[in-house]
Amino acid sequence: MEAVCPIDSQFADEISAILKPPMPHQVQEYFDQLTTTREIRGLKVRQNGEHGKGVYADVDFEEGDLVLKDQMLAGSQHSSNKIDCLVCSFCFCFVGSIELQIGRKLYLQDLGVSTNNECERKPFSHIPKETCQIDSSDGEDDSYVVDHRSSKEYGSSSSKYRTPLPKEIVESLMNGELVLPYSKQFPLPSVISCPGGCRESYYCSKLCAEADWDLFHSLLCTGARSKSLNKEALLKFIQHANETNDIFLLAAKVVSFTILRYKKSKAANLEKEGKCTTDSCNLSLLLEAWKPISMGYKRRWWECIALPDDVDCHEETAFRMQIKELAFMSLQLLKAAIFDKECEPLFSLEIYGHIIGMFELNNLDLVVPSPVEDYFLYIDDLPHSDKKEAEITTRPVLDALGDDYSVCCEGTAFFPLQSCMNHSCYPNAKAFKRDEDRDGQATIIALRPISKGEEVTISYIEEDLPFEERQALLADYGFRCKCPKCLEEEL
Ligand SMILES: [Zn+2]
Ligand SMILES: [Zn+2]
Ligand SMILES: [Zn+2]
4 MEAVCPIDSQ
14 FADEISAILK
24 PPMPHQVQEY
34 FDQLTTTREI
44 RGLKVRQNGE
54 HGKGVYADVD
64 FEEGDLVLKD
74 QMLAGSQHSS
84 NKIDCLVCSF
94 CFCFVGSIEL
104 QIGRKLYLQD
114 LGVSTNNECE
124 RKPFSHIPKE
134 TCQIDSSDGE
144 DDSYVVDHRS
154 SKEYGSSSSK
164 YRTPLPKEIV
174 ESLMNGELVL
184 PYSKQFPLPS
194 VISCPGGCRE
204 SYYCSKLCAE
214 ADWDLFHSLL
224 CTGARSKSLN
234 KEALLKFIQH
244 ANETNDIFLL
254 AAKVVSFTIL
264 RYKKSKAANL
274 EKEGKCTTDS
284 CNLSLLLEAW
294 KPISMGYKRR
304 WWECIALPDD
314 VDCHEETAFR
324 MQIKELAFMS
334 LQLLKAAIFD
344 KECEPLFSLE
354 IYGHIIGMFE
364 LNNLDLVVPS
374 PVEDYFLYID
384 DLPHSDKKEA
394 EITTRPVLDA
404 LGDDYSVCCE
414 GTAFFPLQSC
424 MNHSCYPNAK
434 AFKRDEDRDG
444 QATIIALRPI
454 SKGEEVTISY
464 IEEDLPFEER
474 QALLADYGFR
484 CKCPKCLEEE
494 L
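Put into structure tokens, the structure is as follows:
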């Protein structure tokens with residue numbers, strides 16, 4: 004039976020106003036403003052008929068130059084990855100200490116919490132593997148080249164090679180009693196708890212904790228000071244997302260973000276004009292609150308999700324229906340948890356589906372390299388006698404961790420500027436984490452000189468694949484590639 008959402012029909016006009024793509028001048032205004040707040044030397048978002056938006060160089064870039072550091076609009080760490088890495092829930096940098104990172108992971112592993120191969124079992128893993136293009140496909144031998152596919156493979160195979168540490172050692176790593184040699188060379192910010200009192204979100208600073216609280220978390224916190232409507236329902240929603248697809252947690256962040264912005268501007272208006280409040284929806288305020296989200300290209304999730312390899316073509320309709328039902332189920336749980344009467348249209352399946360579809364179509368994986376990996380590489384590079392001495396302590400730890408000692412922080416995020424970058428199979432830029440890039444921001448580096456006025460392009464797929472395979476993968480993004488490489492190979 005097809006999922007029918009009553010809010011879809013009740014608020015049809017509001018929903019179509021919310022989902023209407025913004026006017027070109029609004030887009031221009033928004034991105035012109037945004038480019039002034041990013042670490043960029045010279046980029047411009049321009050709109051052209053054929054490809055919609057594009058990002059253009061406003062200065063000359065040399066090969067290897069940083070083109071863009073883009074702050075995410077919303078992002079979240081994969082649920083399964085939370086066992087491996089303790090990161091700030093707002094900026095996604097690693098927190099605590101090398102010892103805490105290791106001790107916590109071993110502790111959770113010993114508890115039998117499954118490791119990062121968990122998501123392989125999920126029925127609807129949302130990210131097509133090919134979009135994991137933060138890695139380098141040209142085989143550079145660099146430890147910061149991050150490929151989460153391979154880390155997953157290690158994760159699933161390594162358990163049998165682990166030699167567990169005694170419980171007391173694991174505990175002393177966690178509580179700071181055991182200090183590993185040279186770990187002081189890799190300081191991490193201390194762990195700040197969630198101001199709402201949940202034990203789910205941790206931060207690197209008060210600033211991050213407060214920003215997350217104001218922008219997203221206050222409605223989604225399961226702690227004592229949560230602003231959610233119903234904490235039991237919220238826990239159910241989170242559990243459902245963890246068991247099915249953690250993209251729902253990210254979609255909930257977007258809904259929460261919009262409600263909180265709406266409330267803030269309503270309160271500001273009230274103060275300014277002294278108007279008495281009604282609890283009917285103020286559509287223009289809701290549209291304003293939604294504006295940053297409106298900039299992302301969207302389609303309904305169940306229509307744009309790539310058909311998994313193990314789903315037969317003639318089962319496609321049933322598969323898409325199943326996805327839609329899954330989204331509807333998740334939405335009902337979210338609605339019970341954080342429903343807001345004035346923002347009711349946001350709880351329509353139509354909007355929820357488009358939010359998830361936005362992540363499906365625009366995601367650049369959130370990846371932050373692990374300082375634990377750096378630490379063990381550092382030990383390995385020590386002069387022989389120092390290394391031998393250090394390894395008396397570190398070797399058993401490494402053996403306990405197994406091959407997946409270096410799992411990086413992985414998640415999904417939406418980066419507003421990066422998402423405006425068009426694809427090319429012969430791109431002039433790529434996402435790449437440098438040594439100093441230790442948080443969740445997207446970093447885009449020039450692959451070759453880019454001259455002023457040229458469009459900056461990245462590859463959404465493995466660009467070395469044969470022509471037909473590339474086109475098939477890009478069809479999932481809804482276009483046929485006409486880059487110079489494709490035009491040449493098409494003939
Ligand atoms: Zn932070
Ligand atoms: Zn919290
Ligand atoms: Zn192409």
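Numbering (this note's numbering), first residue to last: 4 to 494. Using N, Cα and C, we set each Cβ at its ideal position, and we do this for glycine too. Just so we're clear, the structure is a prediction, and the values are computed from it rather than from any experiment.
Alpha-carbon spacing of residue i relative to residue j, whole angstroms
i, j, result
"residue 175", "residue 467", "48 Å"
"residue 166", "residue 404", "8 Å"
"residue 527", "residue 433", "No statement about residue 527 is possible, as the shown extent of the chain runs from 4 to 494 and does not include it."
"residue 232", "residue 340", "5 Å"
"residue 454", "residue 252", "40 Å"
"residue 10", "residue 170", "52 Å"
"residue 21", "residue 290", "6 Å"
"residue 384", "residue 459", "37 Å"
"residue 205", "residue 417", "21 Å"
"residue 472", "residue 314", "18 Å"
"residue 94", "residue 494", "46 Å"
"residue 325", "residue 334", "14 Å"
"residue 31", "residue 51", "11 Å"
"residue 430", "residue 178", "47 Å"
"residue 262", "residue 227", "20 Å"
"residue 91", "residue 211", "8 Å"
"residue 160", "residue 408", "Annotation note: pLDDT 40 at residue 160 (below 50); position unreliable, no value reported."
Closer than 8 Å: residue i CB and nearest ligand 3 heavy atom
i, result
"residue 497", "In the structure as shown, the chain starts at 4 and stops at 494, and residue 497 therefore has no counterpart that could be examined."
"residue 473", "yes"
"residue 486", "yes"
"residue 429", "yes"
"residue 426", "yes"
"residue 489", "yes"
Residue i: first and last residue of the uninterrupted alpha helix (DSSP H) it sits in
i, result
"residue 254", "250-276"
"residue 390", "387-404"
"residue 12", "9-13"
"residue 109", "101-113"
"residue 485", "Residue 485 -> no alpha helix (DSSP H), and no H or E assigned at all."
heavy atom of ligand 1 below 8 Å from residue i C-beta
i, result
"residue 95", "yes"
"residue 407", "no"
"residue 442", "yes"
"residue 412", "no"
"residue 259", "no"
"residue 208", "yes"
"residue 211", "yes"
"residue 2", "Here the chain has residues from 4 to 494 only, and residue 2 is not among them."
Limits of the unbroken beta strand (DSSP E) element including residue i
i, result
"residue 320", "Segment 319-341 is the alpha helix (DSSP H) holding residue 320; no beta strand (DSSP E) there."
"residue 79", "77-80"
"residue 73", "69-73"
"residue 59", "55-60"
"residue 415", "412-417"
"residue 367", "367-371"
"residue 51", "46-51"
Of the listed residues the options, nearest to residue i (C-alpha basis)
i, options, result
"residue 182", "104, 214, 293", "104"
"residue 25", "369, 355, 300, 70", "300"
"residue 390", "435, 256, 184", "184"
"residue 89", "422, 374, 354, 276", "374"
"residue 67", "451, 262, 303", "451"
"residue 265", "348, 420, 308", "348"
"residue 115", "91, 101, 83", "83"
"residue 76", "321, 419, 13", "419"
"residue 61", "7, 38, 79, 33", "38"
"residue 437", "330, 423, 72, 306", "72"
"residue 57", "107, 488, 492, 461", "461"
"residue 15", "440, 351, 244, 337", "351"
C-beta neighbour in chain C for residue i, strict 9 Å
i, result
"residue 396", "Of the chains in the structure shown, none is chain C; there is only one protein chain."
Distance cut-off 8 Å: residue i Cβ against heavy atoms of ligand 2
i, result
"residue 231", "no"
"residue 197", "yes"
"residue 446", "no"
"residue 204", "yes"
"residue 81", "no"
"residue 220", "yes"
"residue 40", "no"
"residue 201", "yes"
Residue i burial status per 10 Å Cβ neighbour count (16 or more: buried)
i, result
"residue 397", "buried"
"residue 426", "buried"
"residue 74", "buried"
"residue 202", "exposed"
"residue 316", "exposed"
"residue 486", "buried"
"residue 445", "buried"
"residue 481", "exposed"
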